[in-house]
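Participant: If you count the sequence shown from 1, you need to add 7 to reach the numbering used here.
By construction, the Cβ of each residue, glycine as well, lies at the ideal position given by its N, Cα and C atoms.
In this text the structure is predicted, and so the values were computed from the model without any measurement.
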Amino acid sequence: MAKVLPFTGSGVAIVTPFDGQKTNYDELTKLIEMHIANKTDAIIICGTTGEASTMPDEEHLAAIKHTVDVANGRIKVIAGTGSNDTVHAIALSKRAEEYGVDGILQVTPYYNKATQKGLIAHFSAVANAVKVPVILYNVPSRTGTAIALDTLKELAKIENIVAIKEASGDIGFVAKIAAEVPEIYIYSGNDDMTIPIMSLGGKGVISVVANVMPLETHNMCQYYLDGELSKAMELQLKMLDLINSLFIEVNPIPVKTAMRLMGYNVGNLRLPLTDMTDKNLEILKNSMKNIGLLK
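#1: Helix, strand or coil for Q123 per DSSP?
#2: Using the C-alpha atoms, what's the distance from T88 back to M212?
#3: Tell me whether D109 is buried or exposed, calling it buried when 16 or more other Cβ atoms sit within 10 Å of its Cβ.
#4: So, I168 versus F130, is the Cβ gap smaller than 8 Å?
#5: Looking at I82: is its Cβ nearer than 8 Å to the Cβ of L112?
#6: Please list the terminal residues of the continuous alpha helix (DSSP H) segment that includes A98.
#7: Helix, strand or coil: which one does DSSP assign to V77?
#8: Please name the residue or residues paired with V141 in a DSSP beta bridge.
#9: Measure the Cβ-Cβ separation of K263 and L276 and say whether it is below 8 Å.
#10: Whole angstroms is fine: what's the gap from Q284's alpha carbon to V137's?
#11: In the stretch 15-82, which residue ranges form an unbroken alpha helix (DSSP H) of at least 4 residues, counting only runs that do not cross its ends?
#12: Near Q123, which residues of its chain fall below 6 Å by C-beta distance, leaving aside the five closest residues on each side in sequence?
#13: If you reduce the DSSP assignment to three classes, tell me which class Y117 lands in.
#14: Which whole runs of the alpha helix (DSSP H) in the stretch 151-211 are 4 residues long or more, in chain order?
#15: In chain order, what residues of the same chain have a beta carbon less than 8 Å from the beta carbon of I104, not counting five sequence neighbours either side?
#16: Sort T56, G27, A182 and N197 by Cα distance to G208 and report the nearest one.
#17: Can you name, in chain order, every residue of its own chain whose Cβ lies under 7 Å from the Cβ of I127, other than the five neighbours on each side?
#18: Hey, quick one: how far does the alpha helix (DSSP H) through T264 stretch, first residue to last?
#19: Just checking, does the stretch 255-270 make contact with the stretch 49-59 on the three C-beta pairs under 8 Å criterion?
#20: For V146, name the three-state secondary structure that DSSP assigns.
#21: Would you identify the three-state DSSP class for V257, choosing helix, strand or coil?
#22: Do you know offhand how far S90's Cα is from S206's?
#23: Can you check which of these residues, G125, A134, Y118 and A170, is closest to S148 by C-alpha distance?
#24: Of the choices M41, I193 and I97, whose alpha-carbon is the least far from that of F14?
#25: Let me check understanding here. Comparing Cα to Cα, which of H73, K46, K29 and L12 lies closest to H5?
#26: Please state if the CB of Y231 and the CB of I255 are separated by a distance shorter than 8 Å.
#27: From E235 to T93, what distance separates their C-alpha atoms?
#28: How far does the alpha helix (DSSP H) with E289 in it extend, from its first residue to its last?
#29: If we cut at 8 Å on Cβ distances, does L207 have a partner in chain D?
#30: Between which two residues does the alpha helix (DSSP H) carrying Y231 extend?
#31: Per DSSP, what kind of secondary structure is A9 in: helix, strand or coil?
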């Protein structure tokens, strides 16, 4: 039996608007409505881009519940509920499920890391504690831990482990997943590889650039899904310079800066993240001007 796909197309790894040490829920509501109006296919709340690692549990869970409530079934909501502590990840995931999310995103345990045996035990424990679809998140550059192909094959046996957000940057590894673990759906975790990954069977992207170009990111994915490959490629290449600028410093520093420049009241970054250097800020501004986001 085929696994249930949480969404197809463009899922935005949405920023969390802050006002000091509080989430700005009025602005979060505006961002959710903006994404619905611009055809974004899913909202991924409290992920890396949402600075979830700086959010206490109460705030983290409140942001998830707020997003589900505002979305009200109009757009899919995926909650980042991962942790390097399995018990903690289970607790967050259960609460998110109670709120009515359409799926959860589970990052590989960071800092304490894990062996491949440990990854299987960790992800299995989380998945078995909930019924909602689970998207694994492979981002070794940030966690120091990568999911091996044999590990993914073992995890694919669990019914509600349905997909992987692939952010290793290794297109060869993505091809191996597509060839050898066909029961696991693939989402691009790198904006510059969305169309290449979709060409290997990927179902879309969990995107940073969609925060500032939501309609274009949706259209790029939809063009590909509709078989209009040249249009999809054209949008991928058109956005490439901006995408590169959005990762010139650690995500989400540039994207949150870009949103402030566009007039969104997304507020501050939380330490240890700091404002961009002047040199990189100019690079970002130029990329935004070149694509028409700034005058």
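Facilitator: According to the data block:
#1: In the sequence shown, counting from the first residue as 1, residue 123 sits at position 116. It is helical.
#2: Here residue 212 is taken as the residue at index 205 of the sequence shown, counted from 1. Here residue 88 is taken as the residue at index 81 of the sequence shown, counted from 1. For the sequence presented, residue 212 should be read as Val rather than Met. Going from the Cα of V212 to the Cα of T88 covers about 18 Å.
#3: Translated into positions along the sequence shown, residue 109 becomes position 102. Its Cβ being crowded by 16 or more others within 10 Å, D109 is buried.
#4: Stepping through the sequence shown from its first residue, residue 168 is reached at position 161. Stepping through the sequence shown from its first residue, residue 130 is reached at position 123. Their beta carbons are under 8 Å apart, which means I168 touches F130 by this criterion.
#5: Here residue 82 corresponds to residue number 75 of the sequence shown, with the count starting at 1. Here residue 112 corresponds to residue number 105 of the sequence shown, with the count starting at 1. Contact flag unset, no.
#6: Translated into positions along the sequence shown, residue 98 becomes position 91. A98 -> alpha helix (DSSP H) spans T93 to Y106.
#7: For this step, residue 77 is matched to residue 70 along the sequence shown. Reduced to three states, the DSSP call for V77 is helix.
#8: Here residue 141 refers to the residue found at position 134 of the sequence shown. DSSP, once it has assigned bridges, lists I111 and I168 as partnering V141.
#9: As a position in the sequence shown, residue 263 is number 256, starting the count at 1. As a position in the sequence shown, residue 276 is number 269, starting the count at 1. Cβ distance < 8 Å, so K263 and L276 count as in contact.
#10: Stepping through the sequence shown from its first residue, residue 284 is reached at position 277. Stepping through the sequence shown from its first residue, residue 137 is reached at position 130. Note on residue identity: the sequence assigns Thr, not Gln, to residue 284. Their backbone Cα atoms lie some 43 Å apart in a straight line.
#11: 32-44 and 64-78
#12: As a working mapping, residue 123 is identified with position 116 in the sequence shown. So the list reads A155 and T158, once near-sequence residues are dropped.
#13: The sequence position of residue 117 within the sequence shown is 110, counting from 1. It is coil, neither helix nor strand.
#14: 156-162, 178-187 and 201-205
#15: Taking the sequence shown and counting its residues from 1, one reaches residue 104 at position 97. Going by the sequence as given, residue 104 is Glu instead of Ile. For E104, the CB contacts under 8 Å within the same chain, skipping 5 residues up- and downstream, are I111, V137, K138 and V139 in chain order.
#16: Indexing the sequence shown from 1 puts residue 208 at position 201. For the residues T56, G27, A182 and N197, the minimum Cα distance to G208 belongs to A182.
#17: Sequence index remark: in the sequence shown, residue 127 carries index 120 (1-based). Taken in chain order, the residues that qualify are T158, E161 and L162.
#18: For this step, residue 264 is matched to residue 257 along the sequence shown. Start and end: I260 to L268.
#19: yes
#20: Locating residue 146 in the sequence shown gives position 139, where the first residue counts as 1. DSSP places V146 in coil when its eight states are reduced to three.
#21: Here residue 257 refers to the residue found at position 250 when the sequence shown is read from its first residue. V257 falls in the coil class under three-state DSSP.
#22: On the sequence shown, residue 90 is found 83 positions in, with the first residue counted as 1. On the sequence shown, residue 206 is found 199 positions in, with the first residue counted as 1. For S90 and S206, the distance between alpha carbons rounds to 31 Å.
#23: Counting from one through the sequence shown, the residue named residue 148 turns up at place 141. When each option's Cα is compared against that of S148, the closest is Y118.
#24: Here residue 14 refers to the residue found at position 7 of the sequence shown. Of the listed residues, the one whose Cα sits closest to F14 is I193.
#25: Nothing about residue 5 can be reported from this structure: the residues present for the chain run from 8 to 302 only.
#26: Your numbering for residue 255 matches position 248 in the sequence shown. Your numbering for residue 231 matches position 224 in the sequence shown. No. Outside cutoff.
#27: For the purposes of this step, residue 235 is taken as residue 228 along the sequence shown, with counting starting at 1. For the purposes of this step, residue 93 is taken as residue 86 along the sequence shown, with counting starting at 1. Going from the Cα of E235 to the Cα of T93 covers about 42 Å.
#28: In the sequence shown, residue 289 corresponds to position 282, counting from 1. Here the alpha helix (DSSP H) through E289 covers D285 to I298.
#29: Among the chains in the structure shown there is no chain D, since it carries only a single protein chain.
#30: For the purposes of this step, residue 231 is identified with residue 224 of the sequence shown, where counting begins at 1. That run of the alpha helix (DSSP H) goes P221 to L232.
#31: For the purposes of this step, residue 9 is taken as residue 2 along the sequence shown, with counting starting at 1. Here A9 sits in coil by DSSP.
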